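Undergrad: Supplied in structure tokens, the structure appears directly below.
Residue numbers (this note's numbering): 132 to 247.
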């Protein structure tokens with residue numbers, strides 16, 4: 132059974148940091164490109180960051196470049212999103228996704244709220 136389980140979300144003040152984690156199981160993790168998306172209320176889901184299989188290049192949305200960092204641990208089947216200098220505009224549900232060119236999977240999301 133395929134699972135992507137996000138964790139690490141919560142309430143943080145502007146300027147703060149959070150690290151999101153995504154635990155993957157049920158598929159060959161190292162062969163999938165992993166991505167973090169987010170969706171704010173009344174907005175489209177947007178790509179935040181991606182890391183290619185098996186752990187090579189990364190890319191980021193312009194809005195998070197220099198503040199967010201994506202990484203993966205293929206031995207643990209984990210992908211992370213380190214978020215720093217958080218802004219209220221970063222408030223959203225953050226989703227982990229896996230895609231290998233043929234199949235894709237989504238997690239259930241974790242809420243991140245940036246507010247004072």
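The beta carbon of each residue, even a glycine, is placed where N, CA and C say it ideally should be. None of the values given here were measured: they were computed from a predicted structure.
Three or more C-beta pairs under 8 Å: does that hold for the segment 200-214 against the segment 168-187?
TA: With a cut-off of 8 Å, the segment 168-187 and the segment 200-214 count as touching, because enough Cβ pairs lie within range.
Undergrad: Where does the unbroken beta strand (DSSP E) through residue 189 begin, and where does it stop?
TA: One-based indexing of the chain shown puts residue 189 at position 58. Start and end: 189-191.
Undergrad: Return the CA-CA distance between residue 184 and residue 145, expressed in angstroms with no decimal places.
TA: Residue 184 sits at position 53 when you count from the first residue of the chain shown. Residue 145 sits at position 14 when you count from the first residue of the chain shown. Taking the straight line joining both Cα atoms gives about 32 Å.
Undergrad: Going by C-alpha to C-alpha distance, which of 173, 244, 234, 235 sits closest to residue 214?
TA: The residue labelled residue 214 in the question sits at position 83 within the chain shown. Residue 244 is the option with its Cα nearest to residue 214.
Undergrad: Check for me: the beta strand (DSSP E) holding residue 138 runs from which residue to which?
TA: Within the chain shown, the letter at position 7 stands for residue 138. Taken as a continuous stretch (DSSP letters only), the beta strand (DSSP E) holding residue 138 covers 134-138.
Undergrad: Roughly how many whole angstroms lie between the Cα atoms of residue 164 and residue 205?
TA: Position 33 of the chain shown, counted from the start, is the residue given in the question as residue 164. Position 74 of the chain shown, counted from the start, is the residue given in the question as residue 205. Going by the C-alpha atoms only, they are around 11 Å apart.
Undergrad: Using a threshold of 8 Å, state whether the C-beta atoms of residue 133 and residue 157 are closer than that.
TA: On the chain shown, residue 133 is found 2 positions in, with the first residue counted as 1. On the chain shown, residue 157 is found 26 positions in, with the first residue counted as 1. In this structure, residue 157 lies closer than 8 Å to residue 133 by Cβ.
Undergrad: If you compare alpha carbons, which of 166, 139, 189 is closest to residue 236?
TA: Against the chain shown, residue 236 aligns to sequence position 105. Considering only alpha carbons, the answer is 166.
Undergrad: Is it the case that the Cβ atoms of residue 138 and residue 241 are separated by a distance below 8 Å?
TA: On the chain shown, residue 138 is found 7 positions in, with the first residue counted as 1. On the chain shown, residue 241 is found 110 positions in, with the first residue counted as 1. Yes, they are a contact pair.
Undergrad: Measure the alpha-carbon distance for residue 160 versus residue 238 and round it to whole angstroms.
TA: In the chain shown, residue 160 corresponds to position 29, counting from 1. In the chain shown, residue 238 corresponds to position 107, counting from 1. Their Cα atoms are separated by approximately 14 Å.
Undergrad: Consult DSSP for residue 199 and reduce its assignment to one of helix, strand or coil.
TA: As a working note, residue 199 is residue 68 in the chain shown. Three-state result, residue 199: strand.
Undergrad: Which value, in whole angstroms, describes the spacing of the CA atoms of residue 162 and residue 228?
TA: For the purposes of this step, residue 162 is taken as residue 31 along the chain shown, with counting starting at 1. For the purposes of this step, residue 228 is taken as residue 97 along the chain shown, with counting starting at 1. Each residue's alpha carbon lies about 13 Å from the other.
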